[in-house]
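Undergrad:
Chains as they are written, first to last, in the UniProt record's numbering: chain A, 1 to 112; chain B, 1 to 223.
1) Under a Cβ-count criterion, where at least 16 other Cβ atoms within 10 Å of its own Cβ denotes burial, should residue 203 of chain B be classed as buried or exposed?
2) Taking only runs of the alpha helix (DSSP H) that begin and end inside the segment 156-193 of chain B, which ones reach a length of at least 4 residues, in chain order?
3) Please state whether DSSP places residue 112 of chain A in a helix, a strand or coil.
4) By how many angstroms is the C-alpha of residue 92 of chain A removed from the C-alpha of residue 11 of chain A?
5) Go ahead and pull the three-state DSSP assignment for residue 41 of chain B.
6) Establish whether the CB of residue 80 of chain A and some CB of chain B are separated by less than 8 Å.
7) By the DSSP assignment, the alpha helix (DSSP H) with residue 86 of chain A in it spans what residues?
8) Between the segment 94-101 of chain A and the segment 97-105 of chain B, are three or more C-beta pairs nearer than 8 Å?
9) Closer than 7 Å by beta-carbon distance: list the chain A residues that pair up with residue 65 of chain B, in chain order.
10) Kindly give me the distance between the Cβ atoms of residue 77 of chain A and residue 77 of chain B, rounded to whole angstroms, as I take these residues to be in contact under 8 Å.
11) How many Å lie between residue 29 of chain B and residue 51 of chain B at the Cα?
12) Please compile the residues from chain A whose C-beta is within a distance smaller than 7 Å of the C-beta of residue 84 of chain B.
13) Find the residues of chain B that neighbour residue 57 of chain A, judging by a C-beta separation of less than 7 Å, and give them in chain order.
14) For residue 85 of chain B, does the three-state DSSP call read helix, strand or coil?
15) Taking 8 Å as the threshold (C-beta atoms), are residue 16 of chain A and residue 90 of chain A in contact?
16) So, is the C-beta of residue 28 of chain B closer than 8 Å to a C-beta in chain A?
17) For a cutoff of 8 Å on Cβ pairs, would you count residue 80 of chain B as touching chain A?
18) Report the start-end ranges of each beta strand (DSSP E) in the segment 16-93 of chain A that is 3 residues or longer and not cut off at the edges.
19) Pairs of beta-carbons, one from the segment 201-215 of chain B and one from the segment 180-191 of chain B, closer than 8 Å: are there three or more?
20) Residues of chain B with CB closer than 9 Å to the CB of residue 99 of chain A, please, in chain order.
21) Starting from residue 201 of chain B, trace the beta strand (DSSP E) both ways and give me its first and last residue.
22) Please state whether DSSP places residue 14 of chain A in a helix, a strand or coil.
23) Taking the alpha-carbon positions, what's the residue 31 of chain A to residue 70 of chain B distance?
Structural data, given as structure tokens:
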């Protein structure tokens, strides 16, 4: 990779930014970085910032691991960054975490 | 073969299809579509494609859901945008923060001044002490230098006195003749010879037989 994965790309004013997946890993083993970058740029160009990771394949406990930097995601959404559809789906699943910093779903599950 | 047949058919050469030839030069085509420049197939010429039918209730429901989704998304975006504006540098919270910082800075300055005063007092005392110590050391050095000078003067005076005493025996223009006469009258021969046993024979032209054996000096050998 010619660029550091964690970001460092130039920030241009007045151009649309987007939060989206960037495919890393290798053949038959996808691994995604969740990054914010220029919308018009090609997938593997330099990103502005990395906001998390997403492991698409399940691990030995049948889990898919996601890491999200909620603080920075809030910041970038507040600055008007768009989201790609898969990332929007993922963020929708973590919406409560994103907005309120805690999951109330767990306490709801306790009642059932 | 099938491909070839198709292409022949599209070219309107049905007769050739009967020959069942296998030309080597024919390339296989992956997507069997008619070329764009050929007209609509005769079988499809008057076909009217059926309009897709959507269930009206389902459409309405989907539209409702999508509207709701967009409203919610807009709300979340607005919320985050407002949060960003609130947290940015020109917001009231940030301004308040800067004001607090300024007050804190003033407090710090006051405290710093107090500390400076305390330190100034200490420094004055220390400087006085240092001054006193320096003055004393300089005085001590001056006294020592004076003593040294006095000693040197005494030594010089002693030398002068000795020289004056010695001056009585100086050979001057007045008594040079007498001194010459005295020197000529008492010649001194500093030559001497030593034999193997260490006897000294004084004089330049002395033979060993000239000196009586009782008067022979023997050289003092150390160690």
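Where a beta carbon is used, it is the ideal one built from N, C-alpha and C, also for glycine.
What you are looking at is a predicted structure, and each value in this text was computed from that prediction instead of being measured.
TA: This is what the structure gives:
1) Under this definition residue 203 of chain B is an exposed residue.
2) List check, alpha helix (DSSP H) in window: 176-185.
3) Its pLDDT being 37, under 50, residue 112 of chain A is placed unreliably by the model, and the measurement read from it follows with that caveat. Coil, per DSSP.
4) Roughly 26 Å between the two C-alpha positions.
5) The answer is coil: DSSP assigns residue 41 of chain B none of H, G, I, E or B.
6) In terms of beta-carbon proximity, residue 80 of chain A lines the interface with chain B, with at least one pair separated by less than 8 Å.
7) Segment 85-93, the alpha helix (DSSP H) holding residue 86 of chain A.
8) With contact defined as three or more Cβ pairs closer than 8 Å, the segment 94-101 of chain A and the segment 97-105 of chain B are not in contact.
9) The contact set of residue 65 of chain B on chain A, defined by CB atoms closer than 7 Å, is empty, because the minimum CB distance reaches about 13 Å.
10) Indeed, because the Cβ distance is near 6 Å, the residues count as touching under 8 Å.
11) Taking the straight line joining both Cα atoms gives about 32 Å.
12) Neighbours of residue 84 of chain B in chain A, taken as residues whose beta carbon is under 7 Å from its own, are 75, 78 and 79 in chain order.
13) Within chain B, no C-beta atom comes less than 7 Å from the C-beta of residue 57 of chain A; the nearest is roughly 29 Å away.
14) Helix.
15) Using a Cβ distance threshold of 8 Å, residue 90 of chain A and residue 16 of chain A do not count as a contacting pair.
16) In terms of beta-carbon proximity, residue 28 of chain B stays away from the interface with chain A, with every pair separated by 8 Å or more.
17) Output row for residue 80 of chain B: interface = yes.
18) The segment 16-93 of chain A contains these whole beta strand (DSSP E) runs: 17-26, 29-38, 49-54 and 66-68.
19) Judged by pairs of C-beta atoms under 8 Å, the segment 201-215 of chain B touches the segment 180-191 of chain B, as three or more such pairs exist.
20) Correct list: 76, 79 and 80.
21) For residue 201 of chain B, the enclosing beta strand (DSSP E) covers residues 199-202.
22) Here residue 14 of chain A sits in coil by DSSP.
23) Between residue 31 of chain A and residue 70 of chain B, the C-alpha separation is close to 30 Å.
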